[in-house]
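2 protein chains.
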Amino acid sequence: MAYTVGQVAKLAGVTIRTLHHYDEIGLLSPSGRTPAGYRRYDDADLQRLQLVLYYRELGFPLEEIAAIIDDPAADPAAHLRRQHELLTGRLKRLQEMVAAIEFAMEASKLNIQLTPEERFEVFGDFKPEQYEAEAEQRWGDTDAYRESNRRASRYTKDDWLRIKAENEDWGRRIVASMASGAPADSPEAMELAEEHRQLISRWFYECSYEVQTGLADMYMADERFTAYYENIAPGLAAYLNEAIHANAISRA
Amino acid sequence: MAYTVGQVAKLAGVTIRTLHHYDEIGLLSPSGRTPAGYRRYDDADLQRLQLVLYYRELGFPLEEIAAIIDDPAADPAAHLRRQHELLTGRLKRLQEMVAAIEFAMEASKLNIQLTPEERFEVFGDFKPEQYEAEAEQRWGDTDAYRESNRRASRYTKDDWLRIKAENEDWGRRIVASMASGAPADSPEAMELAEEHRQLISRWFYECSYEVQTGLADMYMADERFTAYYENIAPGLAAYLNEAIHANAISRA
DNA sequence: CTTGACCCTGACGTAACGGCAGGCGGGAGC
DNA sequence: GCTCCCGCCTGCCGTTACGTCAGGGTCAAG
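Top to bottom, those sequences are chains A and B. For the first sequence, position 241 (counting from the first letter as 1) is numbered 241 according to UniProt numbering, and the numbering increases by one without interruption. For the second sequence, position 96 (counting from the first letter as 1) is numbered 96 according to UniProt numbering, and the numbering increases by one without interruption.
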């Protein structure tokens with residue numbers, strides 16, 4: 001049950017240099033050495049490393065990690081609990097960012113101008129606690145990145161004209177549906193809501209039912225979105241909102 | 001529509017030094033200067049800064065950010081789409097981490113030993129792309145942190161005895177329920193599932209119905225958890241799983 | 001007994017700023 | 001017109017968490 005640096009490095013997915021560094025600063029010193037001076041890590045060292053990596057991923061500076069881990073009043077269960085709390089907090093933050101991006105996408109789709117303050121709102125909410133970045137190192141080198149880049153940034157003028165045409169066609173049909181007196185939960189209106197979702201998915205981003213209902217609520221909550229749809233036809237914002245919700249429920 | 005460094009810094013929630021730095025490396029140079037040499041940022045600069053901050057939050061090195069932003073084939077909509085993709089990717093990753101933590105918590109609750117490989121699985125899954133940390137700077141100074149720390153790490157021996165007693169009591173009652181022939185979706189069994197959830201919430205971590213059904217499925221999928229419950233009484237793992245699902249559905 | 005994979009310890013390099021020194025600029029109040 | 005203070009400027013050194021050699025031992029296999 002003893003491991004060399006290299007083995008530990010592979011197991012934990014870190015570099016040997018990182019382990020050397022942790023040894024240097026006393027954050028994680030192997031429990032022993034061979035006669036030749038080779039580091040020997042045992043199971044307890046691995047457990048400690050795991051804790052270190054988790055807290056590191058959560059953004060703590062190494063010095064603080066040492067303090068947290070060496071806190072005598074913190075058993076393993078307490079660490080797990082804390083990490084769970086921190087993670088769910090970050091999850092919330094990320095979800096807010098996703099919502100903000102979707103907001104911005106919708107705004108740009110409808111050509112709505114954002115104020116400078118709004119642009120930074122998602123950062124502003126968190127001004128007191130400085131957030132920094134998570135690094136997906138060398139992501140720029142992967143095929144997936146290049147692929148997504150190619151796909152995403154290559155809309156020609158023709159594409160844009162087509163998007164506009166599709167969108168206007170859809171607009172005419174939903175106005176007609178509303179004018180015909182068909183309720184928002186009629187098959188016809190729900191089908192138009194479904195088209196709305198697929199149109200976004202095809203041209204903009206993967207739009208799940210959950211994301212779509214979020215958008216629908218935004219149409220009601222933000223007056224600029226409301227204005228956009230009301231401008232097409234009075235009552236359309238509410239009609240579309242209801243149709244989207246009805247459609248999402250029926251497909252669940 | 002012109003801003004000084006200080007104003008921009010406040011708006012965006014960054015330090016003046018950071019803006020100076022971005023100017024130095026040419027990532028974001030203000031569009032003009034006053035006769036006295038004061039930096040003047042305009043709206044376009046703000047937009048660029050917003051992009052920079054978003055990509056920074058997503059973990060890109062500044063140099064790469066410059067390349068991404070200056071890519072002539074990427075309109076604003078493409079940036080938004082890309083950020084949406086990156087964010088949802090990170091969201092998935094975080095959810096996996098939360099699941100891993102819940103797994104580990106459940107394992108420690110039941111005294112199940114994890115292998116070294118399992119300890120690092122959540123990191124190992126992502127070995128090819130190196131992930132690094134997000135920093136919640138000076139989080140250690142906030143009251144919330146200290147409070148959560150105090151609450152989380154102060155279980156006395158008495159507490160542990162009480163947790164064990166509550167858990168055993170609950171165990172006896174669910175075994176009795178199963179033995180009595182009450183189906184897993186009977187009010188009795190569902191009430192015991194609800195108790196299971198509240199017990200975790202009270203002593204370990206906030207356990208929503210969603211989290212609990214995840215746990216329940218883990219009981220079936222991981223043989224060590226299955227073994228733990230089967231060992232108490234044959235068929236208990238499946239019984240509990242079904243009861244938890246039934247209870248979650250009825251409360252939705 | 002050599003060879004290749006693995007280990008060691010310095011020591012310097014890097015990214016993304018933080019923080020301070022020393023010195024102008026500018027408008028509000030006297 | 002002068003003073004004051006706040007905000008801005010440009011160096012320049014410090015820091016964190018490693019990356020990256022360089023130069024040199026070690027160990028199991030052939």
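All C-beta atoms in this analysis are idealised placements derived from N, C-alpha and C, irrespective of residue type, glycine included. Keep in mind the model is a prediction, meaning the values are calculated, not measured.
Where residue i meets chain A, residues with beta-carbon distance less than 7 Å
{"i": "arginine 104 (chain B)", "result": "In the sequence as displayed, the identity of residue 104 (chain B) is alanine instead of arginine. Residues of chain A passing the Cβ test: Leu80."}
{"i": "glutamine 212 (chain B)", "result": "The premise fails here: glutamine 212 (chain B) is roughly 14 Å from chain A at the closest Cβ pair, so nothing lies under 7 Å."}
DSSP beta-bridge partners of residue i
{"i": "arginine 40 (chain A)", "result": "A:Gly32"}
{"i": "tyrosine 3 (chain B)", "result": "B:Tyr41"}
Per-residue burial, residue i [other beta carbons within 10 Å of its own, 16 or more giving buried]
{"i": "alanine 144 (chain B)", "result": "Bear in mind that the predicted position of alanine 144 (chain B) carries a pLDDT of just 33, short of 50, making it too unreliable to give a figure here."}
{"i": "proline 30 (chain A)", "result": "buried"}
{"i": "serine 177 (chain B)", "result": "buried"}
{"i": "arginine 154 (chain A)", "result": "A caution first: arginine 154 (chain A) carries a pLDDT of 43, below 50, which makes its placement in the model too unreliable to give a value."}
{"i": "methionine 105 (chain B)", "result": "buried"}
{"i": "arginine 197 (chain B)", "result": "buried"}
{"i": "methionine 190 (chain A)", "result": "buried"}
{"i": "histidine 79 (chain B)", "result": "buried"}
{"i": "alanine 107 (chain B)", "result": "buried"}
{"i": "glutamine 212 (chain B)", "result": "buried"}
{"i": "aspartate 45 (chain B)", "result": "buried"}
{"i": "methionine 1 (chain A)", "result": "exposed"}
{"i": "arginine 56 (chain A)", "result": "buried"}
{"i": "aspartate 125 (chain B)", "result": "Confidence at aspartate 125 (chain B) is low in this model, with a pLDDT of 39, below 50, so the placement of that residue should be treated as unreliable; the coordinate-derived value is given next. So aspartate 125 (chain B) ends up on the exposed side."}
{"i": "tyrosine 41 (chain A)", "result": "buried"}
{"i": "alanine 221 (chain A)", "result": "exposed"}
{"i": "alanine 73 (chain A)", "result": "exposed"}
{"i": "lysine 63 (chain B)", "result": "The sequence as given places glutamate at residue 63 (chain B); lysine does not occur at that position. The residue is exposed, with fewer than 16 neighbouring Cβ atoms inside 10 Å."}
{"i": "aspartate 169 (chain A)", "result": "exposed"}
{"i": "arginine 93 (chain B)", "result": "buried"}
{"i": "alanine 243 (chain A)", "result": "buried"}
{"i": "isoleucine 249 (chain B)", "result": "exposed"}
{"i": "alanine 252 (chain B)", "result": "exposed"}
{"i": "alanine 184 (chain B)", "result": "buried"}
{"i": "isoleucine 65 (chain A)", "result": "buried"}
{"i": "isoleucine 101 (chain A)", "result": "buried"}
{"i": "residue 309 (chain B)", "result": "Any property of residue 309 (chain B) remains undetermined from this structure, which presents chain B solely from 1 to 252."}
{"i": "alanine 237 (chain B)", "result": "buried"}
{"i": "alanine 12 (chain B)", "result": "buried"}
{"i": "isoleucine 174 (chain B)", "result": "buried"}
{"i": "glutamate 136 (chain A)", "result": "Residue confidence for glutamate 136 (chain A) is low, a pLDDT of 27 falling below 50, so the modelled location carries little weight; the figure read from the coordinates is stated next. The residue is buried, with at least 16 neighbouring Cβ atoms inside 10 Å."}
Chain B contact residues for residue i, given Cβ-Cβ distances below 7 Å
{"i": "glutamine 198 (chain A)", "result": "Within chain B, no residue comes near glutamine 198 (chain A); the closest Cβ sits about 16 Å away, beyond 7 Å."}
Reference residue i; option with closest CA among the options
{"i": "tyrosine 22 (chain B)", "options": "B:Ala36, B:Met1, B:Gln50", "result": "B:Gln50"}
{"i": "threonine 15 (chain A)", "options": "A:Asp42, A:Leu53, A:Ala44", "result": "A:Leu53"}
{"i": "serine 208 (chain B)", "options": "B:Ala221, B:Gly171, B:Glu194, B:Met220", "result": "B:Glu194"}
{"i": "alanine 36 (chain B)", "options": "B:Thr4, B:Asp45, B:Phe60, B:Glu64", "result": "B:Thr4"}
{"i": "leucine 58 (chain B)", "options": "B:Tyr38, B:Gln83, B:Tyr229", "result": "B:Gln83"}
{"i": "alanine 77 (chain B)", "options": "A:Thr226, A:Ala237, A:Asp222, A:Ile200", "result": "A:Ile200"}
{"i": "isoleucine 232 (chain A)", "options": "A:Ala243, A:Asn167, A:Met97", "result": "A:Asn167"}
{"i": "leucine 27 (chain B)", "options": "B:Ala12, B:Gln7, B:Ile69", "result": "B:Ile69"}
{"i": "glutamate 85 (chain A)", "options": "B:Arg172, B:Val98, B:Gly13", "result": "B:Val98"}
{"i": "alanine 246 (chain A)", "options": "A:Pro234, A:Ser186, A:Leu215", "result": "A:Ser186"}
{"i": "tryptophan 203 (chain B)", "options": "B:Arg162, B:Asp222, B:Ala182", "result": "B:Arg162"}
{"i": "arginine 39 (chain B)", "options": "B:Ala66, B:Ala9, B:Ala248, B:Gly13", "result": "B:Ala9"}
{"i": "glycine 171 (chain B)", "options": "B:Pro234, B:Glu210, B:Asp217", "result": "B:Pro234"}
{"i": "alanine 216 (chain A)", "options": "A:Tyr229, A:Tyr205, A:Glu206", "result": "A:Tyr229"}
{"i": "alanine 179 (chain A)", "options": "A:Thr34, A:Leu240, A:Thr88, A:Glu210", "result": "A:Leu240"}
{"i": "aspartate 71 (chain A)", "options": "A:Arg90, A:Arg48, A:Ala227, A:Leu87", "result": "A:Arg48"}
{"i": "glycine 214 (chain B)", "options": "B:Ala67, B:Glu96, B:Pro61", "result": "B:Glu96"}
{"i": "arginine 224 (chain A)", "options": "A:Leu11, A:Phe103, A:Arg17", "result": "A:Phe103"}
{"i": "arginine 81 (chain A)", "options": "B:Tyr205, B:Ala67, B:Ala165", "result": "B:Tyr205"}
Under 9 Å by beta carbon: chain A residues contacting residue i
{"i": "tyrosine 205 (chain B)", "result": "Leu80, Arg81, His84, Glu85, Thr88"}
Residue i beta carbon near the ligand NAD (any heavy atom closer than 7 Å)
{"i": "arginine 40 (chain B)", "result": "Because no ligand of any kind appears in the structure shown, any question about the ligand NAD cannot be addressed here."}
- Message: By the 8 Å beta-carbon criterion, what residues does the segment 88-101 of chain B contribute toward chain A?
- Response: Shown in chain order are the members of the segment 88-101 of chain B whose Cβ falls below 8 Å from a Cβ of chain A: Thr88, Arg90, Leu91, Leu94, Gln95, Met97, Val98, Ile101.
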